[in-house]
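> Just passing along the structure, written as structure tokens.
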Ligand code: FAD
């Protein structure tokens, strides 16, 4: 398991209280010696300074911090400036995305339409200086016209120079295995790391899953619905389900796991400890 990759994702918060919580989470998860912590980026640049500030803070701990960078609504010049900032701050990994502009925000200044164009721009400006992660969608990106087109669009990002990919979260392992098989058929050997979403709050999870196109299987949905406001039971059941899912993924030879922490350490930590991989 020496080359098994472990990573955790955070989002930048604005409040002092949120930052404290995030740094506590970072300190707890740092004890697992992950390969990197990634920090999301508000499409259109809404978290630009906050994202880099938190990434620098992570780097100071001696763990690699990877900023996400979404290109929608950004000019080429502003992306180049940000890339130079990253390079100067010894950042060596970027999660390169298109992003989704919040409703109401105009994309008028945007010069790049898709993530493959962002990967091309980064490669053109900085060669192999950054390890580039891109997003992958085992259950298809919600705006894609069909699965095959989405696969070809994923391949564009790999052909442009992506080094590895992290998937949207899913609860159906077959979708991930099928996606990886299809990529292999197309000659894509880039590692594809499953994104893992711990289950802690059904209402938020259902809303978010609808928006990003992740299916919550009926047996999970019905059980979570039955728990109503019983948070403890939801968390316990969620931990069992996601641990089982990760065990299956590990048995199927995944190259690593990427946890969507939502800035909480406990849910990801429990699942990781249950796996007992070390
Ligand atoms: P793309 O790869 O550009 O794909 C977007 C859509 O366009 C797909 O339907 C695809 O099939 C289609 N497409 C792609 N290329 C082409 C092309 N050349 N021609 C025609 N069609 C094309 N969002 C944020 O705002 N900030 C974040 O920090 C963030 N982090 C994320 C991290 C991960 C691991 C994942 C999985 C998602 C993240 N997202 C984030 C969400 C992401 O930005 C959205 O899912 C967004 O809608 C798509 O981004 P993408 O990079 O996958 O886009």
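Numbering (this note's numbering), first residue to last: 290 to 567. The beta-carbon is built from N, C-alpha and C at its ideal position, and this holds for glycine as well. Note that the coordinates shown come from a computational prediction; the quantities given were computed from them, not determined experimentally.
Taking all protein chains shown into account, decide if residue 432 is buried (16 or more other Cβ within 10 angstroms of its Cβ) or exposed.
Label assigned to residue 432: exposed.
> CA-CA distance, residue 450 and residue 351?
Their Cα atoms are separated by approximately 27 Å.
> Cβ-heavy atom distance between residue 430 and ligand 1 below 6 Å?
Within the cutoff, so yes.
> Have a look at residue 498 and residue 406 and give me their C-alpha separation to the nearest angstrom.
Taking the straight line from one Cα to the other gives about 27 Å.
> Among 429, 487, 457 and 541, which residue has its Cα nearest to the Cα of residue 561?
Residue 487 is the option with its Cα nearest to residue 561.
> Can the beta-carbon of residue 480 be found less than 7 Å from the beta-carbon of residue 456?
Cβ atoms of residue 480 and residue 456: not closer than 7 Å.
> Would you give the residue range spanned by the alpha helix (DSSP H) that residue 436 belongs to?
436-449 is the span of the alpha helix (DSSP H), which, as asked, contains residue 436.
> Given 8 Å as the limit, is there contact between the region 411-419 and the region 367-374, that is, 3 or more CB pairs closer than that?
Yes: the two stretches touch, three or more of their Cβ pairs being nearer than 8 Å.
> What first and last residue would you give for the alpha helix (DSSP H) that runs through residue 527?
That run of the alpha helix (DSSP H) goes 520-540.
> Can you grab the Cα-Cα spacing for the pair residue 502 / residue 334, in whole Å?
If I take the Cα positions, the gap works out to 24 Å.
> Decide yes or no for the touch test of the region 502-515 against the region 537-555: beta carbon pairs closer than 8 Å, at least 3 of them.
Contact between the region 502-515 and the region 537-555 is absent, because fewer than three Cβ pairs lie under 8 Å.
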